[in-house]
Every structure is written in C-alpha cells, then in structure tokens.
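Undergrad:
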Amino acid sequence: MKRGRPLGSPIRQNIIEILYFMKSGYGYNIYKKYREIFPKVTMRVIYYHLNKGLNTKEFSIEKVEKEKGDYSWGGEAEKIYYKLGPNAKPSINPIVKEYFDKKKEKK
348 MKRGRPLGSP IRQNIIEILY FMKSGYGYNI YKKYREIFPK VTMRVIYYHL NKGLNTKEFS
408 IEKVEKEKGD YSWGGEAEKI YYKLGPNAKP SINPIVKEYF DKKKEKK
C-alpha cells in the first residue's frame, strides 16, 4: 500500500471540469463559477488547488494581466489566467455541462 496523501482531489477535478468549458479564467472568476455549481468552498482552497495543479501540470498559466482600479490594497490588481495543462483529464461532468449549456441559452 502506498504511503502519504493521494495525488488526486475532487476539488481540483471540479476545477478541471469548469476550465474545460471556460477554456481559461482567472482565480476569482473560477471561484465564482465553482460556488454556483458545487458546494461551498473558500477562495483560499481554490487558489491552493490552482497552485497545486500548476505543480502537477494539470493547469498552466495562459497570461498575466495587470488591471488598474481603486482596490482596498492599492491601485492595481494582477490577474493570472489559467488553462488546462497536459496532465488534466476532464471527464465532462454532466452537472458542469448542464450549467454552461444553460449559460449559453441565456445569451
């Protein structure tokens, strides 16, 4: 029997499913979609799994943008856009597919 924690994570797999339909997105946007589809999680957990997914090559960084605005922490925000990496294995979760199909119908 293997020792240690298992490599996979249901939360990270759900993020993979969301990114499969979004093509790319930044952390907060992924977090908002996740909260609409799945049970509540914290933003911190989403960012943890995005960083962990970069290490396991399930995600990769598409681009980094700096956005000017009037934020509580200063005048600029950095948005890191993620996309699926080579090790991502989307299973096309029917719940996620239905969510994005409904979003398309509304447009």
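Residue numbering for the sequence shown is 348 to 454, as defined by my numbering. For every residue, glycine included, the Cβ atom is placed at its ideal position computed from N, Cα and C. As the structure is a prediction and not an experimental result, all values here were calculated from the model.
With 8 Å set as the bound, which would you pick, yes or no: does the beta-carbon of L401 sit closer than that to a beta-carbon of chain D?
TA: The chain labelled as chain D is not found in the depicted structure, where only one protein chain is given.
Undergrad: Note down the Cα distance separating N402 from G432, rounded to an integer number of angstroms.
TA: In a straight line, the C-alpha of N402 is about 10 Å away from that of G432.
Undergrad: Which residues mark the beginning and the end of the alpha helix (DSSP H) in which E412 is found?
TA: Note, E412: premise wrong, no alpha helix (DSSP H); beta strand (DSSP E) at F406 to Y418.
Undergrad: From what residue to what residue does the beta strand (DSSP E) around L431 run?
TA: From DSSP, the beta strand (DSSP E) with L431 extends over G421 to L431.
Undergrad: Nearest CA to the CA of Y462: which residue from Y418, I427 and R352?
TA: The first residue shown for the chain is 348 and the last is 454, placing residue 462 beyond what the model contains.
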